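Report on the following structure.
Numbering (the numbering used here), first residue to last: 370 to 686.
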């Protein structure tokens, strides 16, 4: 859908969320959004039936909120144009809620924030620091963390969750989800559906295993990939990827990679480089890719596919 590039978050996030969700819909045109200050919290509620493009930006004198559709200013906010308002003062946190439509939400502040994307295939960016709590809700969403320690929840749909530089928590929820780690100590949980944790942007060698232990990622990252994640993708380095007893998909990418499927009927792809593929138990598919590879199917009726550069085959029919 879109491409790129357990911790405490938001002490007041639950209260902010409750304020947004408990607020009755005001009487104005359905497509109109609304921005207001509640104490020191900036609250934005989008209109319904449209695709919003919402951006919150720090400016002299407060925070500016822009959308593709009209915004009605509430207490503490004043209109700049029909689709932009200035909320004056020094807000300390941010709460944003969009509804139906394929929305794009960009948080350019360094404030703690709650963002609920609602229905539709939504795209949410956190550009600056401040812990962010982001819910994709319904639809196939893409959620991008910022440089702080953020929590991303894909919830329903086939979602893409991208960690930032901080220590982030990524939860795919229902559906076939994609979870991409970055710098920092990240936690990646898949939930229901066939989910994949990826290190495709990593240049350094990565070690990753689907065991829920905090020893994944590049040296020093100590990520945790939960056992309910089914797939792993390596990056540009010489990676070591290890599955579990479930049916896994392991993709080494570039480099001289070691892939170990353990149990289950696994699909394994070495990619470029001289790779080693160990099928383990189960009926596995082992594809070496480019480079001279070593492929050991292990017990079970395996399918071994050497690349054009050849391979040493063991335990293959």
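Don't be surprised by glycine CBs; every beta carbon is placed ideally from N, CA and C. None of these values were measured; they are calculated from a predicted model.
Open item on the list: Counting C-beta neighbours from all protein chains within 10 Å, is the total for residue 678 16 or more, i.e. buried, or is it exposed?
Closed with: exposed
Task: Whole-angstrom distance between residue 483 and residue 500, CA atom to CA atom - done: 9 angstroms
Open item on the list: Going by DSSP, what residue range makes up the beta strand (DSSP E) through residue 563?
Closed with: Looking at the DSSP string, residue 563 is not in any beta strand (DSSP E), and its letter there is neither H nor E.
TODO: Out of 561, 624 and 548, point me to the one whose CA is closest to residue 574's CA.
DONE: 624
- [ ] Can you tell me the Cβ-Cβ gap for residue 620 and residue 603, rounded? I've got them flagged as a contact below 8 angstroms.
- [x] 7 angstroms
Open item on the list: Please identify the residue among 622, 465, 634 and 460 whose C-alpha is closest to the C-alpha of residue 414.
Closed with: 465
Task: Nearest neighbour of residue 456, chosen from 479, 437 and 426 [CA to CA] - done: 426
Task: Helix, strand or coil at residue 545 according to DSSP, with G and I counted as helix - done: coil
Open item on the list: Only counting the same chain, and skipping five residues up and downstream in sequence, which positions put a Cβ closer than 6 angstroms to that of residue 636?
Closed with: 618 and 654
- [ ] Determine the direct distance from the alpha carbon of residue 495 to that of residue 612, and round the result to whole angstroms.
- [x] 31 angstroms
TODO: List the residues that DSSP assigns as beta-bridge partners of residue 427.
DONE: 432
Task: Candidates 590, 642 and 626, of which the one nearest residue 552 by Cα - done: 590
Task: Selection from 433, 458, 497 and 461 that minimises the alpha carbon distance to residue 450 - done: 433
Open item on the list: In the DSSP output, what is residue 474 paired with across the bridge?
Closed with: 423 and 493
Open item on the list: Residues in the same chain with beta-carbon distance under 6 angstroms from residue 437, minus the five sequence neighbours each way, listed in chain order, please.
Closed with: 422
- [ ] May I have the straight-line CA-CA distance separating residue 673 from residue 642, to the nearest angstrom?
- [x] 17 angstroms
Open item on the list: Give me, in chain order, the residues of the same chain whose beta-carbon lies closer than 8 angstroms to that of residue 599; leave out the 5 immediate sequence neighbours on both sides.
Closed with: 559, 563, 564, 565, 579, 615, 616, 617 and 618
Task: Where residue 408 falls, given that 16 or more other Cβ within 10 Å makes a residue buried - done: exposed
Open item on the list: Which residue wins for smallest C-alpha separation from residue 416, given the options 402, 659, 539 and 463?
Closed with: 402
TODO: Classify residue 360 as helix, strand or coil using the three-state DSSP reduction.
DONE: Because the chain spans 370 through 686 in this model, residue 360 falls outside it and cannot be assessed.
- [ ] List the endpoints of the continuous beta strand (DSSP E) containing residue 636.
- [x] 636-638
- [ ] Identify, in the order they occur along the chain, each residue of the same chain with its Cβ nearer than 7 angstroms to the Cβ of residue 657, setting aside the five sequence neighbours on each side.
- [x] 639, 644, 646, 664, 674, 675, 676 and 680
Task: Residue nearest to residue 626 in terms of C-alpha spacing, selected from 650, 634 and 601 - done: 601
Open item on the list: Given a cut-off of 8 angstroms on the beta-carbon distance, is the pair residue 557 and residue 509 in contact?
Closed with: no
Open item on the list: For residue 606 and residue 571, which I take to be in contact (beta-carbon distance under 8 angstroms), what is that distance rounded to the nearest angstrom?
Closed with: 7 angstroms
Open item on the list: If you reduce the DSSP assignment to three classes, tell me which class residue 554 lands in.
Closed with: coil
TODO: Report yes if the C-beta distance between residue 469 and residue 489 is below 8 angstroms; otherwise report no.
DONE: yes
Task: Length of the line joining the Cα atoms of residue 550 and residue 477 - done: 21 angstroms
Open item on the list: Considering only their Cβ atoms, is the gap separating residue 521 from residue 539 smaller than 8 angstroms?
Closed with: yes
- [ ] Verify whether the separation of the beta carbon atoms of residue 546 and residue 533 is less than 8 angstroms.
- [x] no
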